[in-house]
Amino acid sequence: MLHEERIYRSLINKGNLISYNVKISESDLFISSDTNLAAAAEKSLIQHRHSLETYIQNRPEFRTSLLPFPEDDLAPPIVRDMIARSKICGVGPMASVAGAVSEFVGYDLLGQTENIIIENGGDIFIRSKNKLTVAVYAGESTLSYKVNIVVKSEETPLGICTSSATVGPSLSFGIADAVCVISKSATLADAAATTIGNRIKTKKDIKFALNYGIKIPGVKGIIVICGNDMGAIGEVEFI
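First residue of the sequence shown: 1069, per my numbering; consecutive thereafter.
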């Protein structure tokens, strides 16, 4: 499992950026930036994890709900964002947690670096001054590593999040090896990848799931890999 998750970390051409890990409990961030911002990233991660953990202590159903959670104007910003974005996708708020952590830590660091890539279990937040390529990891699929998408600098900040029924600890009710969603919001991309993946019970569902997913407000593009089959829709540029 750990090996599989770490494979994500070789999938982006990072140029001259400095890469480092920031890990607290389940949050294991792999960050690349112009300079080493590990101390600032750790401070941000502690803050957002504290917000989430405190909220879950008071509202334990937030952690377990598989359905959209009631809006809460008094909740911390990361919790409000997770509630709002997961509601759009019709899933529980924790379906968006990895993307949300990447995004909130990323925005906290934006003032200190021109380039930032934060990967959290396959959920990525990017701001880049240069064009990047991102490879899609799809576990045992023969298409793993072979699908490369272009990220243009002017499109960033951007979230690219992947859900899988066969890789990692994410809960999925489908069979897809990878559902990769591109959105301005990494929180939304994470939740959307989950709900799209849940709809793929057989390979015949790929087209239906893509057409469903691209209608989610805020979703820019989607790639689905299921065994040897693949589909894509929206603003996805391949190499």
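From the three backbone atoms N, C-alpha and C, an ideal C-beta is built for every residue, glycine too.
According to DSSP, what are the bridge partners of residue i?
| i | result |
| --- | --- |
| V1287 | S1251 |
| E1305 | Beta-bridge pairing links E1305 to no other residue. |
| N1216 | A1203 |
| Y1088 | I1099 |
| E1187 | F1098, I1192 |
| M1298 | I1293 |
Would you please state the rounded distance, in angstroms, between the beta carbons of residue i and residue j? I believe it to be under 8 angstroms.
| i | j | result |
| --- | --- | --- |
| S1154 | A1259 | 4 angstroms |
| N1104 | I1086 | 5 angstroms |
| V1147 | L1120 | 7 angstroms |
| E1187 | A1254 | At roughly 10 angstroms, the Cβ-Cβ gap does not stay under 8 angstroms, so E1187 and A1254 are not in contact. |
| K1197 | S1221 | 5 angstroms |
| A1277 | V1292 | 6 angstroms |
| C1294 | K1271 | 5 angstroms |
Near residue i, what residues of its chain come up, given a Cβ to Cβ distance below 6 angstroms and the 5 sequence neighbours on each side ignored?
| i | result |
| --- | --- |
| N1296 | T1210 |
| G1289 | I1250, G1302, E1303, V1304 |
| S1164 | M1150, R1153, S1154, T1255, D1258, A1259 |
| A1206 | S1212, D1245, A1246, I1293 |
| E1072 | Because E1072 carries a pLDDT of 43, less than 50, the predicted location of this residue cannot be relied on, and the following value inherits that uncertainty. Result list for E1072: V1235, in chain order. |
| P1144 | S1119 |
Taking 8 angstroms as the cut-off, decide whether the C-beta atoms of residue i and residue j are in contact.
| i | j | result |
| --- | --- | --- |
| L1097 | V1173 | yes |
| G1227 | G1167 | yes |
| T1224 | G1158 | no |
| I1185 | S1100 | yes |
| I1156 | E1139 | no |
| K1269 | G1242 | yes |
| S1095 | D1176 | no |
| T1230 | I1307 | no |
| A1108 | Q1180 | yes |
Between residue i and the rest of its own chain, which residues show a CB-CB distance below 7 angstroms, the 5 nearest in sequence each way excluded?
| i | result |
| --- | --- |
| D1273 | R1267 |
| A1106 | Y1088, V1090 |
| E1182 | D1102, K1197 |
Can you have a look at residue i and say buried or exposed, based on whether 16 or more other CB atoms are within 10 angstroms of its CB?
| i | result |
| --- | --- |
| L1070 | The predicted model places L1070 with a pLDDT of 33, which falls under 50 and marks its position as unreliable; any figure quoted below should be read in that light. The residue is exposed, with fewer than 16 neighbouring Cβ atoms inside 10 Å. |
| D1149 | buried |
| H1116 | buried |
| R1074 | Low confidence applies to R1074: its pLDDT is 48, below 50, so where it sits in the model is not reliable, and the reading given next is rough at best. It counts as exposed. |
| P1014 | Examination of residue 1014 is not possible in this model, given that the chain is present from 1069 through 1307 alone. |
| I1114 | exposed |
| G1083 | exposed |
| T1122 | exposed |
Once the 5 residues before and after residue i are set aside, which same chain residues still bring their CB inside 8 angstroms of it?
| i | result |
| --- | --- |
| F1130 | Y1123, I1124, F1137, V1147, P1161, M1162 |
| N1279 | I1301 |
| E1318 | Outside the displayed range of the chain (1069 to 1307) lies residue 1318, so it cannot be described from this structure. |
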